[in-house]
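Engineer: As numbered in mature numbering (1 follows the signal peptide of the UniProt record, and there is no 0), residues -24 to -1, 1 to 153 make up the sequence shown, in order.
No residue lacks a Cβ here, since even glycine has one placed at the ideal position from N, Cα and C.
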Amino acid sequence: MEKGVPKYLVTVLLFVLTCSLASTSDPSPLQDFCVATKDSDEFVNEKFCNDPKRVTANDFFFSGLDKPRDTSNRQGSNVTVVNVKNLASLNTLGISVAHIDFAPHGLNPPPTHPCGTKVRVVLLDTLYIGFVTSNTNNCLFTKVLDKGDIFVFPIGLIHFEWNVGNTNALVFAALSN
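(1) Could you give the distance in angstroms between the alpha-carbon of Lys29 and the alpha-carbon of Phe9?
(2) Measuring CA to CA, which of Lys119, Phe129, Ser65, Thr47 is closest to Pro87?
(3) Which same chain residues end up closer than 6 Å to Ala12 when comparing Cβ atoms and leaving out the 5 residues on each side of it in sequence?
(4) Name the one or two DSSP bridge partners that Tyr104 has.
(5) Taking only three categories from DSSP, how would you classify Thr143?
(6) Going by DSSP, what residues sit across from Arg96 in a beta bridge?
(7) Helix, strand or coil, according to DSSP, for Asn84 in the structure here?
(8) Just the C-alpha distance for Ala145 and Asn26, rounded to the nearest angstrom, thanks.
(9) In whole angstroms, what is the alpha-carbon distance linking Cys91 and Asn153?
(10) Pop quiz: Ala74 and Val55 are said to be a contact at Cβ under 8 Å. What is the actual Cβ separation, rounded to whole angstroms?
(11) Need the endpoints of the beta strand (DSSP E) that Val11 sits in, please.
(12) Assuming Leu121 contacts Ile105 (C-beta within less than 8 Å), just tell me the rounded distance between them.
(13) Exposed or buried, Ile71, counting other C-beta atoms within 10 Å across all chains shown (16 or more means buried)?
(14) In the structure shown, what three-state DSSP assignment does Asp35 receive?
(15) Between the C-alpha atoms of Asn139 and Asn111, what's the straight-line distance to the nearest angstrom?
(16) So for Ser53, helix, strand or coil by DSSP?
(17) For Ala150, which option in Ile131, Gly141, Asn113, Thr143 has the closest C-alpha, if you only look at C-alpha atoms?
(18) Determine the DSSP secondary structure at Ala64, reduced to helix, strand or coil.
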């Protein structure tokens, strides 16, 4: 019989050590918010943060998503995105929103967002909407949505939206990023 530490004990010990080193987390932010600015020394998420003492309610406000946009282009759609570029308080929060206008039979060309999940809320007319899975089956999930319906696009999957109605359609979107 061999002397020393049994092999199974060494295996269990290595497994426990490996598991303890392979932990992940999504840490809480270091501060309540980081309103992006160009005039600061504090740098978070590739943006400089405004001094919290100089931040006002207007830094958390965006107006204009209620205005219809021009859809007289090849796709028959127009996306108005609200992100940190036009609402500085979204910096570090991991969310963006969008207003998508569709002409009758307009299409939002199929995008993919490797780091984001999307939610769509139909506010006007009817959309045919869907996504394709990335597994080996490439399953297509589709649904016809009417006013008030919501659809979720899982993270990183190619998706589409097509206005199958005969009038303009409007969608509100929220996405993680």
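Structural biologist: On the basis of the coordinates in this document:
(1) 12 Å
(2) Phe129
(3) Lys23, Val60, Ala64, Asn67
(4) Val120, Trp138
(5) coil
(6) Phe127, Ala149
(7) strand
(8) 38 Å
(9) 6 Å
(10) 6 Å
(11) Neither: Val11 is in no beta strand (DSSP E) and is coded neither H nor E.
(12) 6 Å
(13) exposed
(14) helix
(15) 27 Å
(16) strand
(17) Ile131
(18) helix
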